[in-house]
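Chain order of the listed sequences is A and B. For what it's worth, full-length UniProt numbering labels the leading residue of the first sequence as 1, then goes sequentially. For what it's worth, full-length UniProt numbering labels the leading residue of the second sequence as 1, then goes sequentially. Beta carbons: idealized from backbone N, C-alpha and C, even for Gly. It should be emphasised that the depicted structure is a prediction, and the values quoted were computed from it without experimental measurement.
Number of protein chains: 2
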Amino acid sequence: MSEDFPSRSHCPINYALESFGDKWTLLIIRDLMFKTKTSFNEFLSSNEKISTNILADRLRRLESLGIVSKEVSDENRSKLIYSLTRKGRDLLPIMMEITQWSGRYDPQTNAPEALLKRLEADKLGLIKDIEAGWEHK
Amino acid sequence: MSEDFPSRSHCPINYALESFGDKWTLLIIRDLMFKTKTSFNEFLSSNEKISTNILADRLRRLESLGIVSKEVSDENRSKLIYSLTRKGRDLLPIMMEITQWSGRYDPQTNAPEALLKRLEADKLGLIKDIEAGWEHK
DNA sequence: CCAAAGCACTTGCATTTTGCAAGCTCTTTT
DNA sequence: AAAAGAGCTTGCAAAATGCAAGTGCTTTGG
Chain A
1 MSEDFPSRSH
11 CPINYALESF
21 GDKWTLLIIR
31 DLMFKTKTSF
41 NEFLSSNEKI
51 STNILADRLR
61 RLESLGIVSK
71 EVSDENRSKL
81 IYSLTRKGRD
91 LLPIMMEITQ
101 WSGRYDPQTN
111 APEALLKRLE
121 ADKLGLIKDI
131 EAGWEHK
Chain B
1 MSEDFPSRSH
11 CPINYALESF
21 GDKWTLLIIR
31 DLMFKTKTSF
41 NEFLSSNEKI
51 STNILADRLR
61 RLESLGIVSK
71 EVSDENRSKL
81 IYSLTRKGRD
91 LLPIMMEITQ
101 WSGRYDPQTN
111 APEALLKRLE
121 ADKLGLIKDI
131 EAGWEHK
């Protein structure tokens, strides 16, 4: 990990933009976080149709930022398993706020009604529950 | 407002990306939300040095999405005042979570220590206070 | 009342990033 | 030994960005 990109400023919003401010990176994080996808070909199969060169680039970038790590699969040594680091898992509250905002403003959102309800009623509890699910994994 | 962009999916994360998933949009929202900037030239003067054509494009886009609105200034009729709509102000929790995450992971962050402390201790109270400041404005 | 300055852009063009299709290398399965 | 799966890389066209200059309205100062 660790690589330096010329930084425009050290504003916290800008730091986030330089980490995941593009059209694709957060989708990969979403897949890792909520869809239990872990491999190159699984990311490729998502609805938004990322292309292979962009996916390879973003995974490399996420690794260099310490948000994602990869390891060789136990069962199949030609397969790589990607996963979120602590830094990546700490993006959960951001993802939840984004989900809530989009759920409120996208008339066609496919965010599950139950999830949106829980976000309104008990966001912190929900976040804790999701994190708990990661602990004993 | 309202314009249609061909949408890749109705995933809530993707909706957010299609609203502000680029290197500049969130900086404009930051300036409107926290730096009391309201005009084209003020946005231009930010540290990150956005160029005029991109700024014009993003403001147009934010208006068409209903996140920002503009009106002619009372004192100076050649000046336009940009402001956040309700939809835009509702991005505050996302901005706060981003600030907290970046504050935690950017060793050089310039997020004020006091703000980060308050975010750890009483995020909801902080958000309420900021929103209250907007009410009687 | 006219010239200069302020404000919000637009335009043109070079550079960079993206999107798409094809191909390549190394396992693993049959 | 051949085919299939997994994770890429490469080449090229198209789109987005960055930079510098210019345009068309106010508004201000003399």
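Contacting residues, own chain, Cβ-Cβ under 7 angstroms from I130 (chain A) (five flanking each side not counted):
To locate residue 130 (chain A), count along the first sequence from 1; it is residue 130. Once the five neighbours on either side are set aside, the close Cβ partners of I130 (chain A) are L92.
Can you tell me whether DSSP reads residue 143 (chain A) as helix, strand or coil?
In the structure displayed, chain A extends from 1 to 137; residue 143 (chain A) sits before or after that span and is not available.
How would you list, in chain order, the residues of chain B whose beta-carbon sits under 8 angstroms from the beta-carbon of D106 (chain A)?
Residue 106 (chain A) sits at position 106 when you count from the first residue of the first sequence. By Cβ distance, chain B contributes H10, P12 and Y15.
For the region 44–61 of chain A, list every residue whose C-beta sits within 9 angstroms of some C-beta in chain B, in sequence order.
Cβ contacts with chain B come from S46, N47, E48 and K49.
Quick one: grab the DSSP three-state call for S83 (chain B).
Along the second sequence, one-based indexing puts residue 83 (chain B) at 83. In the structure shown, S83 (chain B) adopts extended strand secondary structure according to DSSP, grouped into three states.
Taking the straight line between their C-alpha atoms, what separation do you get for G88 (chain A) and E71 (chain A)?
Counting from 1 along the first sequence, the entry for residue 88 (chain A) is found at position 88. Counting from 1 along the first sequence, the entry for residue 71 (chain A) is found at position 71. Answer to the nearest angstrom: the Cα atoms are 16 angstroms apart.
C-beta neighbour in chain A for P93 (chain B), strict 8 angstroms
Walking along the second sequence from the start, residue 93 (chain B) turns up at place 93. Output row for P93 (chain B): interface = yes.
Compute the distance between the beta-carbons of residue 149 (chain B) and L32 (chain B), then report whether it is under 8 angstroms.
The question about residue 149 (chain B) has no answer, for chain B in this structure spans 1 to 137.
Beta-carbon of K117 (chain B) versus every beta-carbon of chain A: anything under 8 angstroms?
Walking along the second sequence from the start, residue 117 (chain B) turns up at place 117. Not an interface residue.
Express the C-alpha separation of L126 (chain B) and A114 (chain B) in angstroms, rounding to a whole number.
Here residue 114 (chain B) refers to the residue found at position 114 when the second sequence is read from its first residue. Here residue 126 (chain B) refers to the residue found at position 126 when the second sequence is read from its first residue. Taking the straight line from one Cα to the other gives about 11 angstroms.
Could you check the C-alpha separation between S9 (chain A) and K123 (chain A) for me, to the nearest Å?
Numbered from 1 along the first sequence, position 9 holds the residue referred to as residue 9 (chain A). Numbered from 1 along the first sequence, position 123 holds the residue referred to as residue 123 (chain A). Counting only the Cα atoms, K123 (chain A) lies some 31 angstroms from S9 (chain A).
If you run the structure through DSSP and keep just helix, strand and coil, what is A111 (chain A)?
Here residue 111 (chain A) corresponds to residue number 111 of the first sequence, with the count starting at 1. In the structure shown, A111 (chain A) sits in coil (DSSP, three-state: anything other than H, G, I, E or B).
Span of the alpha helix (DSSP H) holding I94 (chain A)?
The count along the first sequence starts at 1 and reaches residue 94 (chain A) at position 94. Residues L92 to Y105.
Closer than 8 angstroms, CB to CB, is L27 (chain A) near chain B or not?
Here the question's residue 27 (chain A) lines up with position 27 in the first sequence. By this cut-off, L27 (chain A) is an interface position.
Find out if the Cβ-Cβ distance for the pair F43 (chain B), I28 (chain B) is shorter than 8 angstroms.
Here residue 43 (chain B) corresponds to residue number 43 of the second sequence, with the count starting at 1. Here residue 28 (chain B) corresponds to residue number 28 of the second sequence, with the count starting at 1. F43 (chain B) is a Cβ neighbour of I28 (chain B), given a cutoff of 8 angstroms.
So with CB distances below 7 angstroms, who are the chain B contacts of A111 (chain A)?
Position 111 of the first sequence, counted from the start, is the residue given in the question as residue 111 (chain A). The contacting residues are P12.
Cβ atoms of I67 (chain B) and T38 (chain B): under 8 angstroms apart, would you say?
One-based indexing of the second sequence puts residue 38 (chain B) at position 38. One-based indexing of the second sequence puts residue 67 (chain B) at position 67. 8 angstroms or more divides the Cβ of T38 (chain B) from the Cβ of I67 (chain B).
Taking only beta-carbon atoms, is I127 (chain B) less than 8 angstroms away from chain A?
For the purposes of this step, residue 127 (chain B) is taken as residue 127 along the second sequence, with counting starting at 1. False, the Cβ-Cβ gap to chain A never drops below 8 angstroms.
With a threshold of 8 angstroms between beta-carbons, can D74 (chain A) be considered close to chain B, or not?
Position 74 of the first sequence, counted from the start, is the residue given in the question as residue 74 (chain A). In terms of beta-carbon proximity, D74 (chain A) stays away from the interface with chain B, with every pair separated by 8 angstroms or more.
Taking all protein chains shown into account, decide if A56 (chain B) is buried (16 or more other Cβ within 10 angstroms of its Cβ) or exposed.
The residue labelled residue 56 (chain B) in the question sits at position 56 within the second sequence. So A56 (chain B) ends up on the exposed side.
Using the Cα positions of P107 (chain B) and L65 (chain B), report the straight-line distance between them to the nearest angstrom.
Here the question's residue 107 (chain B) lines up with position 107 in the second sequence. Here the question's residue 65 (chain B) lines up with position 65 in the second sequence. Using only the alpha carbons, I get a separation of about 34 angstroms.
For R30 (chain A), does the count of other Cβ atoms within 10 angstroms reach 16, so buried, or fall short, so exposed?
Against the first sequence, residue 30 (chain A) aligns to sequence position 30. Buried is the call here.
Looking only at its own chain, which residues have a Cβ that is under 8 angstroms from the Cβ of W134 (chain A), when we skip the five neighbours before and after it?
By 1-based counting over the first sequence, the position of residue 134 (chain A) is 134. Hits under 8 angstroms: R89.
Determine, using beta carbons only, whether T36 (chain B) and P12 (chain A) come nearer to each other than 8 angstroms.
What you label residue 36 (chain B) is simply residue 36 of the second sequence in a count that begins at 1. What you label residue 12 (chain A) is simply residue 12 of the first sequence in a count that begins at 1. In this structure, P12 (chain A) does not lie closer than 8 angstroms to T36 (chain B) by Cβ.
6 angstroms Cβ shell around S73 (chain B) - same chain, five flanking residues per side excluded:
By one-based count along the second sequence, residue 73 (chain B) stands at place 73. These residues qualify, in order along the chain: K79 and I81.
Inter-residue spacing [alpha-carbon to alpha-carbon] between R77 (chain B) and K128 (chain B)
Mapped onto the second sequence, residue 77 (chain B) falls at position 77. Mapped onto the second sequence, residue 128 (chain B) falls at position 128. Cα-Cα distance, rounded: 34 angstroms.
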